[in-house]
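If you count the sequence shown from 1, you need to add 794 to reach my numbering. Remarks on the structure that follows.
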Amino acid sequence: MSYAVKGCTNASFQTYKDDYRSQSGYVFILNGGAISWKNFKQNIVADSTTEAEYIAAAETAKDAVWIKNFISKLGVVPSVASPIKLYYDNNRAIAQAKEPTPNQKSKHVERKFHLIRDIVERKDIKVFKIITGDNVADPLIKPMSQKKHEQHLIEMGIKPIRE
Numbered sequence: 795m796s797y798a799v800k801g802c803t804n805a806s807f808q809t810y811k812d813d814y815r816s817q818s819g820y821v822f823i824l825n826g827g828a829i830s831w832k833n834f835k836q837n838i839v840a841d842s843t844t845e846a847e848y849i850a851a852a853e854t855a856k857d858a859v860w861i862k863n864f865i866s867k868l869g870v871v872p873s874v875a876s877p878i879k880l881y882y883d884n885n886r887a888i889a890q891a892k893e894p895t896p897n898q899k900s901k902h903v904e905r906k907f908h909l910i911r912d913i914v915e916r917k918d919i920k921v922f923k924i925i926t927g928d929n930v931a932d933p934l935i936k937p938m939s940q941k942k943h944e945q946h947l948i949e950m951g952i953k954p955i956r957e
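Listed below in structure tokens is the structure:
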């Protein structure tokens, strides 16, 4: 039996007006339950929404590899389905992750974020497009309606608290 880990990531461009840094968030779900999630301020200033999303995806990809190795070494589950599916909602950032070599559009991005290309090439992760409104990582980076927030919580395997 193989267990499927799914990751969703997103970024909010230049959320912090004092230093123009972007906010990122991700969640990993194993068979219907959130096993890891994170919200963080990016440590560099992104020049565009695409770059902010690419940075978020690169950081998430590194953690995906760690999660995959951790679960495998626990010996509790027989295996983790490979590659881990990583979803985000920016077409250009997805294209950059799938591009094996730097190109004119990505030459200004810090080299360390291009690690995602190696991770994709090794088939540790596979990147996919998700419709913006369906991105389960959204509650980690932006406000939304209570209904949408609860829908995302349910998708994470978290039950909303009712009064």
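Here a beta-carbon is modelled for each residue, glycine too, at the ideal position from N, C-alpha and C.
Determine the contact status of A858 and S818, defining contact as a CB-CB distance below 8 Å.
no
With distance defined between alpha-carbon atoms, name the residue in I955, R956, V930, H908 nearest to K832.
V930
Inter-residue CB distance, M950 and V821 (contact presumed, cutoff 8 Å):
6 Å
Within a Cβ cutoff of 6 Å, which residues of the same chain sit near C802, ignoring the five residues on either side of it in sequence?
V821, Y881, N929, V930, A931
Bridge partner(s) assigned by DSSP for Y820
T803, K832
Does the distance from the CB of A891 to the CB of V921 come in under 8 Å?
yes
Could you give the uninterrupted runs of the alpha helix (DSSP H) lying entirely in the region 841-882, keeping only those of 4 residues or more?
843-868
Straight-line CA distance for Q940 to I823?
21 Å
Is the beta carbon of A852 closer than 8 Å to that of Q836?
no
Less than 8 Å between the C-beta atoms of I925 and A855, yes or no?
no
My assumption, with CB atoms under 8 Å, is that D883 sits in contact with N804. Please give the rounded CB distance.
7 Å
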